[in-house]
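So the sequences go chain by chain: P and W. Counted from 1, the first sequence has number 188 at position 189 by numbering that gives the first Met the number 0; the numbering is strictly sequential. Counted from 1, the second sequence has number 36 at position 37 by numbering that gives the first Met the number 0; the numbering is strictly sequential. See below for the structure under consideration.
There are 2 protein chains.
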Amino acid sequence: MARSSDTRSKMVRTASRLFQRQGYAATGWRQVVAESETPWGSQSHHFPGGKEQLAVDALARSGAGYERLLRGAFESGDPAAAVELWAAAAAHQLESTDWAEGCPVATVALEMAHDSLPIGDACADAFAAWRRAITDGLTDAGLAPDRAERTALVILSAFEGAMLLTRSQRSTEPLQVVGAELAEWLRTVLAPTR
Amino acid sequence: MARSSDTRSKMVRTASRLFQRQGYAATGWRQVVAESETPWGSQSHHFPGGKEQLAVDALARSGAGYERLLRGAFESGDPAAAVELWAAAAAHQLESTDWAEGCPVATVALEMAHDSLPIGDACADAFAAWRRAITDGLTDAGLAPDRAERTALVILSAFEGAMLLTRSQRSTEPLQVVGAELAEWLRTVLAPTR
């Protein structure tokens, strides 16, 4: 029999995926319970704060998972190669899920920006963690901290937009072009520091 | 008494604003009718295709409006200045609406990418029109067509991401930084062609 903590973490994992694919409004408890194969009725025990609490936990989980991916890509010490890897991985994920799985946070962030402060904060925390991961990769490669922070913000913004456009166009072209252009730009930015 | 075409266009205008602020799922006919001050019951006459048709029309309207803004900014012949102007205008709009009015298309695009092909196509059409507007501004400033198209995609992606991050952080910093960095990059890109 599944332990209580398993039930909770299964629900959070399923919700993370559903929020990524279809957003907050379209995701209901019924689907979360069915797809996580957890017992109906246990949601109020595990999430007394309701769907909002489920979303905050799911966003924290997605945010941490994506941060690990980014840190993994940037720890190569070659930020331009990391950007190319990220673009290829994001394009593959979108294409192989029939354009369903883009950024795990952006949809909920835009939907709920005005409705829920806890959800808005959870989204902002995820974006901030990703920005720090990229910043760390750039400072490790020799960029001054202030320049690294600004450059990381441009990279994160361009990727968020490229994931949106790739999903909307149902074509990997935006991620391919943005990945290649940013990598070229990074090689220029980093050249004088080497 | 309002003419029938006025009623329809009032509904489309109101829906455009509501989709921008709160997305598709959260926007219902009741609110569209109330805020457009149009008679209840006329929606099925004007939009036999229902809320999906309203959304397609609203996205076409938002897309065309934003394209005019972009063409206006880029017709100065100075793409770097246009990017700075766009960043300042988008930051002002977000801040002055308590972070409610960002990109008029992105929220619906992410929410509905998987649910409605007509809505998905309307979003993709809007993004394509904006990309063409930026591309035209860059070719007018002397960039080769292929480079202009790729550069325009990077600019559009970075702005989409910066509008998302600005809204999420509730701070104009992302748009300010991304605007300044892209303007500097554009000045480098355009320098050899002058």
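The C-beta atom is built at its ideal place from N, Cα and C for all residues, glycine as well.
Between R169/P and E100/P, the gap from beta carbon to beta carbon reaches 9 angstroms or more. The residue from E148/P, T171/P, L84/P and V55/P with its alpha-carbon nearest to that of A112/P is V55/P. Between the segment 147–154 of chain P and the segment 162–180 of chain W there are three or more C-beta pairs closer than 8 angstroms, enough to call the two in contact. At a cut-off of 9 angstroms between beta-carbon atoms, E172/P makes contact with chain W.
Straight through space, the alpha carbons of Q19/W and V107/P are spaced by roughly 14 angstroms.
Identification of residues in the segment 88–122 of chain W having a C-beta nearer than 7 angstroms to some C-beta of chain P yields W98, A99, A105, T106, A108, L109, E110, A112, H113, G119 and C122, given in sequence order.
Just so you know, the alpha carbons of A132/W and A25/P end up roughly 34 angstroms apart. Chain P places a beta carbon closer than 9 angstroms to that of L155/W, counting this residue as a contact.
Residues of chain P with a Cβ closer than 7 angstroms to the Cβ of L53/W do not exist, since the nearest Cβ in that chain sits about 17 angstroms away. For G160/W, the nearest CB of chain P lies under 9 angstroms from its own CB, placing it at the interface with that chain.
A Cβ-Cβ separation of about 20 angstroms leaves E159/W out of contact with E94/P under the 8 angstroms criterion. Annotated as proximal: L163/P and A105/W, with beta-carbon spacing under 9 angstroms. Contact between the segment 126–143 of chain P and the segment 78–92 of chain P is present: 3 or more CB-CB pairs across the two stretches fall below 8 angstroms. By the C-beta density criterion, A86/P is buried, having at least 16 other C-beta atoms within 10 angstroms.
Taking the C-beta atoms as reference points, L142/W is found no nearer than 9 angstroms to V176/W. Ranked by Cα distance from V11/W, the first of A157/W, S61/W and A190/W is S61/W. Assignment of Y23/P by DSSP, reduced to helix, strand and coil, places it in the coil class. The Cβ of L152/W sits closer than 9 angstroms to at least one Cβ of chain P.
Residue contact with chain P for R169/W: present (Cβ-Cβ distance below 9 angstroms to some residue of chain P). DSSP places G71/P inside the alpha helix (DSSP H), whose first and last residues are G49 to F73. In chain order, F46 place their CB closer than 7 angstroms to the CB of Q52/P, counting only its own chain and leaving out the 5 sequence neighbours on each side. Residues of the same chain with a CB within less than 7 angstroms of the CB of G76/W, apart from the 5 flanking positions on each side, are D139 and A140 in chain order. For G141/W, no alpha helix (DSSP H) run applies, since DSSP gives it neither H nor E. Listed along chain P are G22, Y23, A24, A25 and E110, each with a C-beta nearer than 9 angstroms to that of A24/W. The C-beta of W184/W comes closer than 9 angstroms to at least one C-beta of chain P. In the three-state reduction of the DSSP assignment, A99/W falls in the coil class, being assigned neither a helical nor a strand state. The alpha-carbon separation between P144/W and L137/W amounts to approximately 8 angstroms. When 9 angstroms is used as the limit between beta carbons, E180/P is near these residues of chain W: R149, T150, L152 and V153, in chain order.
Between A121/P and L58/P, the CB-CB gap stays under 9 angstroms. Sequence-distant partners of T165/P (beyond 5 residues in either direction) whose C-beta falls short of 8 angstroms from its own C-beta, in its chain, are A89, A90, L93, W98, G101, T171, E172, P173 and L174.
Separation of P103/P and A190/P (C-alpha to C-alpha, rounded to the nearest whole angstrom) is 33 angstroms. The C-beta separation of G22/W from L116/P comes to about 17 angstroms, leaving the pair out of contact by the 8 angstroms criterion.
Here T6/P carries a helix assignment [DSSP, helix/strand/coil]. Note that the C-beta distance between T6/W and S41/W is below 9 angstroms. When the beta-carbon positions are compared, Y65/W and A125/W come within less than 9 angstroms of each other.
Following the DSSP letters along the chain, one finds H113/P in no alpha helix (DSSP H), marked with neither H nor E.
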